[in-house]
Each structure stands twice: as C-alpha cells, then as structure tokens.
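Novice: Quick note on numbering that gives the first Met the number 0: the first sequence kicks off at 0 and runs consecutively.
Heads up, the beta-carbon is just placed ideally off N, CA and C, and yes, glycines get one too.
None of these values were measured; they are calculated from a predicted model.
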Amino acid sequence: MRLGEDFYKQDAVTVAENLVGKLLVRKLKGEKVECRIVETEAYAGPEDKASHAYQNKKTDRTEVMFNSGGCVYVYLIYGIHNCFNIVTNEKGKPEAVFVRAVEPLSGIEIIKEKRDIKSKQVEEFTNGPGKLSQALDINKELNGYDLVSGDEIYLKTDDNNPEYQVISGKRINIDYAEEYREKLWRFFIKGNPFVSV
DNA sequence: CACAGGATCCACT
DNA sequence: GTGGATCCTGTGA
C-alpha cells in the first residue's frame, strides 16, 4: 500500500524509524525499480545542530525542508554526490529523513547501468547515500517532488511482511554537530548487507 | 565578488 | 587506510 500524507506528517525521528523496511519505487525507462529502504537518519528540526535547517535557517537550499511532509529534498554534497531526503512534519517545521542505503529488489540491470564502477559486488550499487542516488537517477530535478501524489518516485509498504529487526545508532559524518552527534537518530535493519557501514 | 567547506565515493597503496 | 575529485551553497566583504 502506498504511504499517504499522514505518514510523512509525523516527526522526523518517528518517520525515520518507520521508513526502514518500506519500499522505494522509482520509475526509470518506463519500468518500476523497487528497493527496500534499509538505513535512514533523522534530521530533526531547528534545534538539531547537524541539520541544514539548524535554527530555522532558511536559504535557497533548505527551503523545501519547510514544506509539509511528503516531498523530496535533494542536495549536492562534495560537488559530486546527490543526497536523497524525505521532508517530514507539518509545513513550517524543517525536518527531514536522510535515506542512506537501500536494497534493490527489481530492476537490477537498470541500476547497474546507472552506476559505473568496477566492483561487481551487488552491495556496492546502493549501500550509501550517494550510491543510491546515482543508481536511481535521483538529482536536483526531483527536489520538491511530491511523494504522495507523484508517479516518478514514491513509497509503499512491503506487503510480504518480511522479518527484520531495526537497530538505532549514532548518525554518520556529523562531527560538527556537538552534543547532537550522540543522538541515536540513525536506523537500520540488523544484519542487512546493504547497510552502509 | 571571492572563497571555504561539505549528511561521500572510489581507486589506489 | 587514505587522498583526490569537484561544484554548489552560504557567508562575508
């Protein structure tokens, strides 16, 4: 079942935790490429020193984070990689969930084509934020895209109800965030080979 | 207008 | 384990 508005309008930590195990559907070349989300991080509002929207900082880049939950936030990092985020909570509250890793379920051939690396390890195709963005052709054109009503990219529940355990931990590469480094706002599926670290 | 730096990845040693 | 890539963005002059 497709995730609706209500799901995204919860706080970022709740959404981050519940997003693990959900399916990400991306339309590429007229085909539906499906992936299971295996790792997320919450960037939770104006008090979070790790967030781009810390202290409600509103700029051209962070503006989408202030939209109501359910739209896409894409930004470029290190001049190279796009990062895929999902905006959460009510309009005016700048919160988002960063999707760090996914497990491909269908459309592997398309993913391989989009990724251009020597390694043939399947895990290497989508086990990191920049990697999954490249694999699923996620770029700035999708910034602000509506996951609730759009057709190019959206989320749904996994109706096969697989067994998995969700673990929380500290977020990655946010050394600048002082005491917010310690927050256990990273969530991932225990033992899943596609988890990034 | 100029500049520093980043929610990373990959090839190489 | 490590360094280079590479460019957009935010900031301050």
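Assuming contact is defined by CB atoms lying nearer than 8 angstroms, are V95 and Y72 in contact in what I supplied?
Specialist: According to the sequence as given, residue 95 is Ala; it is not Val. Yes, the Cβ-Cβ distance between A95 and Y72 is below 8 angstroms.
Novice: Pair every Cβ in the stretch 129-142 with every Cβ in the stretch 162-176, then say whether three or more of these pairs are closer than 8 angstroms.
Specialist: No, the stretch 129-142 does not touch the stretch 162-176.
Novice: Considering Cα atoms alone, identify which of W184, F83, L23 is closest to V98.
Specialist: Ranking the options by Cα distance to V98, first place goes to F83.
Novice: Is E181 helix, strand or coil by DSSP?
Specialist: Here E181 sits in helix by DSSP.
Novice: Would you mind working out which of D10, T13, L22 sits nearest M0, comparing C-alpha positions?
Specialist: The option with the nearest alpha carbon to M0 is L22.
Novice: Does the beta-carbon of P192 have 16 or more other beta-carbons within 10 angstroms, so that it is buried, or is it exposed?
Specialist: When all chains shown are included, P192 counts as exposed.
Novice: Just to confirm before moving on: does the CB-CB distance between A41 and V12 stay below 8 angstroms?
Specialist: For A41 and V12, yes; Cβs fall inside 8 angstroms.
Novice: Hey, quick one: how far does the alpha helix (DSSP H) through L141 stretch, first residue to last?
Specialist: That residue, L141, is in no alpha helix (DSSP H); it is neither H nor E in DSSP.
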